[in-house]
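In our numbering, the protein residues as written are 87 to 537. Heads up, the beta-carbon is just placed ideally off N, CA and C, and yes, glycines get one too. Everything below concerns the one structure shown next.
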Amino acid sequence: MEAESCNKNVLDARKSSIVVTQGCNGPKGGICCDSNSISGSVSQRACVYCGARVVLNPITDAYHIVHGPIGCSSYTWDIRGSLTSGEDIYRNSFSTDLQETDIIFGGIKKLEAAVDELMEKEEKVKLIFIYATCIVGVIGDDVDALCRMKSEQYGIPVIPVKSPGFSGNKSTGYRMACDAIMKVILPFKGKKKRKAINILGDFNLAGEMWIIKNYFKEMGIDVISGFTGDSSYEQMIKAPEASLNIVQCAGSSTYLANRMEEEFDIPFLKVSFFGIEDTTASLIRVAEALKDEEARKKAVAFCSKKEAELNSFLAKYRKHLEGKKAAIYVGGGFKAISLIRQFKAMGIETVVVGTQTGKKEDYEIIESLVEPETVILDDANPAELETFMREKGADILVGGVKERPLAYKLGIAFCDHNHERKIPLAGFEGVYNFTMEINKSINSPVWEFVS
């Protein structure tokens, strides 16, 4: 790839992370990625603490105590679209609300009092996560020791999550969360295996975990546990019984899948349930990995029926979308890859594509799917996104809540494909919703009045 180096809005240190698809100028070949953000670049990434909460928050009966200032506790039910079929304890955050005197003299006594108060006031507490935030990383409270003591005192898992925002990037937070999950389920190692799966990296945004589980039910495949959409403590501890893990969000959960393969001898398969092509391939590959021929036949028949219905549906919209140009900026590489394929099915060309946490292998697949002039970015900042969307004439941006104002400022249509959404975009149902949203956004009459 050749580096995009001609634009004044690109920092010199960022040039190896912004490329077109003819080769790469990175330090070891390939795009420069999977590293900490460059100082002076206003990254669109979130912090370590946010990465940890992304993974752990959807556990429906877990209590989350944020050891730090009150601001970090704003991560509550309204931040994400994760839904529950059981408890809704996860919708709340509990905080030690550290003040100046706590920072000077230490806050561990305040944390101990918070755990004791929680156990006194709440009934049937099964699981507590305690997050060490930036301030705690500076003052050095021994959260690990406190968690061990409280676990023994109350006979429940009290799990430390080391997540000072400055200690890495969002991917570091993913790993910290996965380590916390392993501490929950490791005591249940040795359970007898059965022909069933765990779904890793789906957070039941707008009910997507339920959609995927219904597909496997149609195929006759049992799902033991989801990590972590609509999951509970009781479901999580049964996870070692599975004979296969499937990984939907590779960025957040591949580390967990590797740990579970090491500890529980459960192999894993990376999948995606966004778009017709990826959903179909994933369902069939899962049946094949389980060596279940009956499930494979059911998957082929089910997917063929859905694909025929969707092809007829897409034909109605393609004439309104063909020739349009899309920009993509999302969290993980798996989602970007699926979106490129979905846009191609609509007749839309992807002209800019980037991720916050993509790996080298993700970018290699992206390179093979896009046109030679497409700009590929890792860990972009607003100035870069604005520059390349203008330069390439993008008609719509698919991203998250941080990218929405940028798109509207530029007079470009927008589609939210992040954690805040309320409409499911996964599976075959998601194709209907995504296509209609793209059409409504990109062909809205409002753009006639934007110069």
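Report task. Could you spell out the range, first to last residue, of the alpha helix (DSSP H) harbouring residue 236? Result -> On the sequence shown, residue 236 is found 150 positions in, with the first residue counted as 1. Counting along the chain, the unbroken alpha helix (DSSP H) around residue 236 starts and ends at 229-240.
Query raised in the report: Residues bridged to residue 180 by DSSP?
Result: Within the sequence shown, residue 180 is the residue found at index 94, counting from 1. For residue 180, which the question treats as bridged, DSSP gives the partners 151.
Requested in this report: Closer than 8 Å by C-beta to residue 450: which residues in its own chain qualify, once you throw out the five before and the five after it? Chain order, please.
Outcome: Counting from 1 along the sequence shown, the entry for residue 450 is found at position 364. If the five residues before and after residue 450 are omitted, its C-beta is found closer than 8 Å to the C-beta atoms of 116, all from its own chain and listed in chain order.
Query raised in the report: Between the beta-carbon of residue 175 and the beta-carbon of residue 149, is there less than 8 Å?
Result: As a first step, residue 175 must be located in the sequence shown, where it is residue number 89. As a first step, residue 149 must be located in the sequence shown, where it is residue number 63. Contact flag set, yes.
Requested in this report: Check whether the segment 527-535 touches the segment 495-513, counting contact only when three or more Cβ pairs, one atom from each stretch, lie closer than 8 Å.
Outcome: Flag = yes, the segment 527-535 and the segment 495-513 touch.
Requested in this report: Return the CA-CA distance between residue 161 and residue 246, expressed in angstroms with no decimal places.
Outcome: Working through the sequence shown from its first residue, we reach residue 161 at position 75. Working through the sequence shown from its first residue, we reach residue 246 at position 160. When the Cα atoms are used, residue 161 and residue 246 turn out to be separated by approximately 17 Å.
**Report entry** residue 404 and residue 363 closer than 8 Å at C-beta
**Finding:** Residue 404 sits at position 318 when you count from the first residue of the sequence shown. Residue 363 sits at position 277 when you count from the first residue of the sequence shown. Taking 8 Å as the cut-off, the Cβ atoms of residue 404 and residue 363 do not count as close.
Report task. With a threshold of 16 other CB atoms inside 10 Å of the CB of residue 308, please say whether the residue is buried or exposed. Result -> For the purposes of this step, residue 308 is identified with residue 222 of the sequence shown, where counting begins at 1. The residue is exposed, with fewer than 16 neighbouring Cβ atoms inside 10 Å.
Report task. Compute the distance between the beta-carbons of residue 134 and residue 255, then report whether it is under 8 Å. Result -> Residue numbering aside, residue 134 sits at position 48 when the sequence shown is read from its first letter. Residue numbering aside, residue 255 sits at position 169 when the sequence shown is read from its first letter. At a Cβ-Cβ threshold of 8 Å, residue 134 and residue 255 count as neighbours.
Query raised in the report: What are the partner residues of residue 224, as DSSP defines its beta bridges?
Result: Locating residue 224 in the sequence shown gives position 138, where the first residue counts as 1. BP columns for residue 224 are empty, so no partner.
Query raised in the report: Taking C-beta to C-beta, are residue 550 and residue 293 nearer than 8 Å?
Result: Missing from the structure shown is residue 550; the chain here goes from 87 to 537 and no further.
Query raised in the report: Considering only the beta carbon of each residue, do residue 410 and residue 482 sit closer than 8 Å?
Result: Locating residue 410 in the sequence shown gives position 324, where the first residue counts as 1. Locating residue 482 in the sequence shown gives position 396, where the first residue counts as 1. In this structure, residue 410 places its C-beta atom within 8 Å of the C-beta atom of residue 482.
Report task. Taking residue 517 as part of the alpha helix (DSSP H), name the residues at either end of that continuous run. Result -> Locating residue 517 in the sequence shown gives position 431, counting from the first residue. Residue range 513-528 is occupied by the alpha helix (DSSP H) that includes residue 517.
Query raised in the report: Anyone know if the C-beta pair for residue 460 and residue 128 falls short of 8 Å?
Result: For the purposes of this step, residue 460 is identified with residue 374 of the sequence shown, where counting begins at 1. For the purposes of this step, residue 128 is identified with residue 42 of the sequence shown, where counting begins at 1. At least 8 Å separates the beta-carbon of residue 460 from that of residue 128.
Query raised in the report: What's the C-alpha gap between residue 480 and residue 393?
Result: On the sequence shown, residue 480 is found 394 positions in, with the first residue counted as 1. On the sequence shown, residue 393 is found 307 positions in, with the first residue counted as 1. Taking the straight line from one Cα to the other gives about 28 Å.
Requested in this report: Grab me the residues of residue 413's own chain with a C-beta within less than 6 Å of its C-beta, minus the 5 sequence neighbours each way, in chain order.
Outcome: Your numbering for residue 413 matches position 327 in the sequence shown. So the list reads 438, 475, 480, 483, once near-sequence residues are dropped.
Query raised in the report: Under the rule that 16 or more other beta-carbon atoms within 10 Å means buried, what is residue 226, buried or exposed?
Result: In the sequence shown, counting from the first residue as 1, residue 226 sits at position 140. Exposed is the call here.
Query raised in the report: Of the residues 154, 151, 458, 417, which one's Cα is nearest the Cα of residue 339?
Result: Taking the sequence shown and counting its residues from 1, the one referred to as residue 339 is at position 253. For residue 339, the nearest C-alpha among the options comes from 417.
Requested in this report: Could you give the DSSP three-state label for residue 378: helix, strand or coil?
Outcome: Walking along the sequence shown from the start, residue 378 turns up at place 292. Shown here, residue 378 sits in coil according to DSSP, grouped into three states, outside any helix or strand.
Query raised in the report: Exposed or buried, residue 522, counting other C-beta atoms within 10 Å across all chains shown (16 or more means buried)?
Result: Translated into positions along the sequence shown, residue 522 becomes position 436. Exposed, since its Cβ has fewer than 16 Cβ neighbours within 10 Å.
Requested in this report: Write down the C-beta distance between residue 510 and residue 297 rounded to the nearest angstrom, noting that I regard them as a contact closer than 8 Å.
Outcome: Numbered from its first residue, the sequence shown carries residue 510 at position 424. Numbered from its first residue, the sequence shown carries residue 297 at position 211. Yes, they are in contact, since the Cβ atoms of residue 510 and residue 297 sit about 6 Å apart, within 8 Å.
Query - Within the segment 352-425, ranges of the beta strand (DSSP E) (whole runs, at least 3 residues) - result: Qualifying beta strand (DSSP E) stretches, in chain order: 354-356, 411-416.
Report task. Go ahead and label residue 524 buried or exposed: buried means 16 or more other beta carbons lie within 10 angstroms of its beta carbon, across all protein chains shown. Result -> As a first step, residue 524 is located in the sequence shown; it is residue number 438 there, counting from the start. Classification of residue 524: buried, given that the 10 Å Cβ count is 16 or more.
**Report entry** Collapsed DSSP secondary structure at residue 214 in the structure displayed
**Finding:** The sequence position of residue 214 within the sequence shown is 128, counting from 1. Three-state result, residue 214: strand.
**Report entry** Inter-residue CB distance, residue 147 and residue 318 (contact presumed, cutoff 8 Å)
**Finding:** In the sequence shown, residue 147 corresponds to position 61, counting from 1. In the sequence shown, residue 318 corresponds to position 232, counting from 1. The C-beta distance from residue 147 to residue 318 rounds to 5 Å, short enough to fall under 8 Å.
Requested in this report: Leaving aside the five residues before and after residue 368 along the sequence, list all residues of the same chain whose C-beta is less than 7 Å from its C-beta, in chain order.
Outcome: One-based indexing of the sequence shown puts residue 368 at position 282. In its chain, beyond the 5 residues on either side, 357, 358, 359 have a beta carbon closer than 7 Å to the beta carbon of residue 368.
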